[in-house]
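Counting in the working numbering, the sequence shown runs from 25 upward without gaps.
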Amino acid sequence: MTARALSFDAVAELYDTSRPGYPPALFDAVEEAGGRPFAGSVTVDVGAGTGIATRSLLARGARVTAVEPGPGMAGRLHSVLPDVPLVRALGDALPLVDESADFVTYAQSWHWTDRARAFGEAMRVLRPGGALALFWNVSDHSVPWVAAQDARLRAHGGDGGHGIHGAREQGPLLPEGVEFEGRRVPWSRTVTLDAHLDNFASHSVFRVLGESSTAAFLAAERAELLKVFPDGAVEESYVSDLVVVRRPV
Ligand SMILES: C[S@@+](CC[C@H](N)C(=O)[O-])C[C@H]1O[C@@H](n2cnc3c(N)ncnc32)[C@H](O)[C@@H]1O
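Written out as structure tokens, the structure is:
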């Protein structure tokens with residue numbers, strides 16, 4: 025694994041408490057495209073991190089096994105979800121038996137894998153007819169302040185490479201010729217300015233940039249955001265991008 029892929033480990037708690045979750049409409053869309061509900065399903069949540077998506081899957085009644093390679097993220101997941109079976113592994117080589125899962129989910133983690141290997145592994149572990157679901161939250165750049173913030177982030181060395189767009193810039197999402205269903209789910213949440221900046225600081229680009237330039241960026245960002253949200257309540261706008269592939273029956 026690259027240092028950047030593992031860099032979440034250093035901020036596992038901040039990550040867990042500040043990252044947005046995923047909207048119910050996204051899980052509805054996965055169920056629809058996957059042709060069955062999560063309730064009663066065997067679901068493998070890969071790159072589970074601290075368990076943000078895992079918690080939503082459990083709430084829907086899925087029987088979830090979490091797969092997470094990073095020790096810090098896995099430690100946090102285990103402390104908040106002690107009853108969830110947790111496997112320390114990469115999606116590129118899943119230590120799970122063939123045809124054992126109804127769903128394999130990758131919440132914001134597919135872009136860290138060797139995609140050809142991870143795809144082969146997901147198809148092996150899924151039952152015929154089972155579904156591989158890849159999803160990402162991306163900031164909604166059709167909202168002017170979000171687009172302006174992204175421009176500032178890029179000016180500070182950020183690559184904007186989050187989400188499905190960043191993943192596609194790095195190479196094809198899926199092996200050539202694989203059929204998939206794509207959906208986009210817009211949603212928003214209102215958080216305090218501090219929570220918004222914490223979420224920002226949990227992005228991998230800042231941990232690679234280092235502490236002093238991160239602090240400078242966040243101070244300037246606080247001043248900019250107070251111009252848009254003088255009461256300190258930030259309405260974050262997102263789109264959840266979803267790609268679902270069914271294993272042929
Ligand atoms: C952005 S976090 C997403 C965590 C969680 N799924 C969520 O929605 O908050 C990406 C996670 O992928 C993990 N990861 C990195 N490389 C991976 C790989 N090759 N296979 C599976 N997970 C990987 C990282 O350790 C990290 O916990």
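Beta carbons: idealized from backbone N, C-alpha and C, even for Gly.
Thinking just about the alpha-carbon of each residue, which of the options is nearest to the one in residue i?
i	options	result
residue 204	222, 157 and 246	157
residue 134	72, 208 and 79	72
residue 57	208, 96 and 194	208
residue 131	80, 173, 112 and 242	80
residue 32	94, 52 and 62	94
residue 105	78, 115, 44 and 116	78
residue 137	40, 191 and 35	191
residue 107	155, 75 and 113	75
residue 110	164, 225, 91 and 97	91
residue 162	263, 52 and 151	263
residue 179	230, 153, 211 and 160	230
residue 196	165, 244 and 143	143
Which residue marks the beginning of the alpha helix (DSSP H) containing residue i, and which one marks its end?
i	result
residue 259	No alpha helix (DSSP H) contains residue 259, which is instead part of the beta strand (DSSP E) from 257 to 270.
residue 78	76 to 83
residue 89	That residue, residue 89, is in no alpha helix (DSSP H); its beta strand (DSSP E) goes 87 to 91.
residue 51	48 to 58
residue 95	95 to 104
residue 241	235 to 252
residue 178	168 to 179
residue 63	Here residue 63 belongs to no alpha helix (DSSP H), and DSSP marks it neither H nor E.
residue 38	36 to 42
Among all the DSSP beta bridges, which residues are the ones paired with residue i?
i	result
residue 128	68 and 156
residue 210	263
residue 215	258
residue 162	263
residue 202	DSSP output for residue 202 lists no bridge partner at all.
residue 110	90
residue 118	Looking at the DSSP assignment, residue 118 forms no beta bridge with any residue, so it has no partner.
residue 150	125
Which residues bound the beta strand (DSSP E) around residue i?
i	result
residue 192	No beta strand (DSSP E) contains residue 192, which is instead part of the alpha helix (DSSP H) from 187 to 194.
Could one say the Cβ of residue i lies closer than 8 Å to chain D's Cβ atoms, at least one of them?
i	result
residue 100	Any reference to chain D falls outside this structure, which holds one protein chain only.
Cβ pair count under 8 Å reaching 3, the segment 113 to 132 against the segment 83 to 95: yes
The segment 246 to 259 / the segment 216 to 231 touching (three or more Cβ pairs under 8 Å): yes
Inter-stretch contact (C-beta, 8 Å, three-pair minimum) for the segment 146 to 154 and the segment 242 to 257: With contact defined as three or more Cβ pairs closer than 8 Å, the segment 146 to 154 and the segment 242 to 257 are not in contact.
Contact the segment 111 to 120 vs the segment 59 to 66: 3+ CB pairs below 8 Å: Touching, no.
At least three beta-carbon pairs within less than 8 Å, the segment 169 to 178 to the segment 230 to 239: no
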